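Each residue of the sequence shown is one higher than the last, beginning at 64 in the numbering used here.
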Amino acid sequence: MSSVNESDTFKLGDRTVKRLGYGAMQLAGRGVFGPPKDHDAALAILREAVASGVNHIDTADFYGPHVTNQIIREALAPYRGDLVIVTKIGARRGEDGSWIPAFSREELTQAVHDNLRNLGLDVLDVVNLRSMLDVHHPAEGSLEGPLTVLADLQRKGLVRHIGLSNVTPAQIAEGRRICQIACVQNYYNLAHRADDALIDDLALQGIAYVPFFPLGGFTPLQSSTLSDVAGRLGATPMQVALAWLLRRAPNILLIPGTSSVAHLRENLAAGQLTLSPQALAELGGIAS
Ligand SMILES: NC(=O)c1ccc[n+]([C@@H]2O[C@H](COP(=O)([O-])OP(=O)(O)OC[C@H]3O[C@@H](n4cnc5c(N)ncnc54)[C@H](OP(=O)(O)O)[C@@H]3O)[C@@H](O)[C@H]2O)c1
C-alpha cells in the first residue's frame, strides 16, 4: 500500500513547497472575469489555505484581470516567509473577457509590473511564460523572443525563477538553452495524460510539473471507475483524482482551484489518502 503525506514536498526554484497547493483562478468572477460573487468568501479561502499549511499559490494578473492578485494581497499580505506565489504572463483580457496573446516586450514588462503592484511585492517568486500560440493546447513554435524578455526582467531582479506553461517538450528544451526553467505548468489529469513521458523526463531533471485542470477544470472529471474507487475508500472522486496525481510522480505539485472552503478542506485531505496497487491500476486505465 502506498500513502502520501500532505507534508510531502518538492523543490520549486530555490524553495521547497508542499506538494498540495492552491490555484486561485476560481476566485475571480464567472468566466475568470470581474470580481467574485462573494468577496469575503474569497478572502476566507486564501486565509484557510495558508492556515492549513499551503505554501504554494498559483495566480495570474489576467485573472479578473487584476482581481485575483488584489484579493491575494488583501487576504495574505504581509506574506508568510515560506509562501511561494507563482504567477504567469503572456496573455491579456479583452473588454469582453476574451484571452488575447500579449507577447511583446512592452506587454510582458507591463505584466510583470502589474503582478508586482497588485500582489504588493518587490520581486516575483516564479513567473511562468504562458504560451498563447494556441490558447487551449501546446503548439509548436519558438518562444525565444518572449522568454529572452522574461530572462532580462529576471536579470533586473524583478523575477526570481522562470517557468513555462502550455508548452511542448521542444519548447522546454529551447527554454532551457535560454535560462533555467524551474517548473512546467500544462493541462494534465487522470483522464488527460498527453504529458506522461514529459513528466517522467522532468522528474529526472528535478523540474517541478504543475498540472492545471487537475480536477478537469471547467468540466470536472466524471468517471464510473473513479467513483467506484472513491466509494470503496470512503473518499470523494475529487480526492482520489488528487491522490492519484500525487502518486503519479514525485515532481508533481498540485494547485486545485476552488471557490469553496469546504472543497478546499476536502482537497487538502486528499494528501492523507492511501491508494492500493489495485486502485492505482484501475485509475491508471481511465485515460485509455
Ligand atoms: N497555465 C494555465 O494555462 C492555466 C489554465 C487553467 C488553470 N490554471 C491554474 O490551475 C489552477 C487549477 O485549475 P482550475 O481551478 O481551472 O481547475 P481544477 O482545479 O481542475 O477544477 C476546478 C473546478 O473543480 C471544482 N472543485 C474543486 N474542488 C472540488 C471538490 N472537492 N469537489 C467538487 N468540485 C470541486 C471547482 O468548483 P468549486 O469552486 O465549486 O469548488 C471548479 O469548478 C487554477 O486555479 C489556475 O491557478 C492555469
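Idealized CB from N, CA, C, for every residue including glycine. Because the structure is a prediction, the values reported are computed rather than measured.
Open item on the list: For SER286 and LEU206, what's the separation of their Cα atoms in angstroms?
Closed with: Looking at the backbone, the Cα of SER286 and that of LEU206 are separated by about 36 Å.
Task: Separation of LEU187 from GLY144, as counted between CA atoms - done: A straight line joining the alpha-carbon of GLY144 with that of LEU187 spans about 13 Å.
Open item on the list: ligand 1 and SER205: does the residue's C-beta get closer than 8 Å to at least one heavy atom of that ligand?
Closed with: No.
TODO: Take the Cβ of PHE96 as the centre, count every other Cβ of all protein chains shown within 10 Å, and call the residue buried at 16 or more, exposed below.
DONE: With 16 or more other Cβ atoms within 10 Å, it is buried.
- [ ] Would you kindly work out how many angstroms separate the C-alpha atoms of GLU69 and MET88, rounded to a whole number?
- [x] In this prediction, GLU69 scores a pLDDT of 43, lower than 50, which makes its location untrustworthy; no coordinate-derived value is stated.
TODO: May I have the straight-line CA-CA distance separating ILE148 from LEU90, to the nearest angstrom?
DONE: A direct Cα-to-Cα measurement between ILE148 and LEU90 gives close to 15 Å.
Task: Pairwise C-alpha distance: ALA214 and ALA293 - done: As the crow flies, the alpha-carbon of ALA293 is around 44 Å from that of ALA214.
TODO: Report back the beta-carbon spacing between LEU20 and GLY334 to the nearest angstrom; my notes put them in contact at under 8 Å.
DONE: Absent from the model: residue 20. The displayed extent of the chain is 64 to 351, so no value can be given.
- [ ] Mind checking which residues open and close the beta strand (DSSP E) that includes ASN191?
- [x] Unbroken beta strand (DSSP E) run through ASN191: 187-193.
- [ ] Can you give me the Cβ contacts of THR288 inside the same chain, cut-off strictly under 8 Å, excluding the 5 residues immediately before and after it?
- [x] Hits under 8 Å: GLU345, LEU346, GLY348, ILE349.
- [ ] Give me the Cα-Cα distance between LEU316 and GLY86, rounded to the nearest whole angstrom.
- [x] Distance from the CA of LEU316 to the CA of GLY86, rounded to the nearest whole angstrom, comes to 11 Å.
Task: Same chain, Cβ closer than 6 Å to VAL222, neighbours up to 5 away in sequence not counted - done: Contacts found: LEU187, VAL190, LEU216.
Open item on the list: Can you give me the C-alpha to C-alpha distance between ALA40 and ALA271, rounded to a whole angstrom?
Closed with: Missing from the structure shown is residue 40; the chain here goes from 64 to 351 and no further.
Task: N-terminal and C-terminal residue of the beta strand (DSSP E) that GLN248 is part of - done: From DSSP, the beta strand (DSSP E) with GLN248 extends over 244-248.
Open item on the list: Can you tell me which residues form a DSSP beta bridge with ARG180?
Closed with: ARG180 pairs with nothing; no bridge assigned.
- [ ] Take the Cβ of ARG295 as the centre, count every other Cβ of all protein chains shown within 10 Å, and call the residue buried at 16 or more, exposed below.
- [x] With a threshold of 16 other beta carbon atoms within 10 Å, ARG295 falls short and is exposed.
Open item on the list: Would LEU182 and PRO209 qualify as a contact pair, given that the criterion is a beta-carbon distance under 9 Å?
Closed with: Going by C-beta atoms, LEU182 is not nearer than 9 Å to PRO209.
Open item on the list: Can you give me the C-alpha to C-alpha distance between GLN133 and ALA107, rounded to a whole angstrom?
Closed with: Taking the straight line from one Cα to the other gives about 14 Å.
Task: Closest by C-alpha distance to LEU309, when choosing among ALA138, VAL273, LEU109 - done: Per the C-alpha coordinates, the member of ALA138, VAL273, LEU109 positioned closest to LEU309 is VAL273.
- [ ] Please determine, among TYR250, GLY160, PRO98, the residue with the shortest C-alpha to C-alpha distance to ALA202.
- [x] Among TYR250, GLY160, PRO98, the Cα nearest to that of ALA202 is on TYR250.
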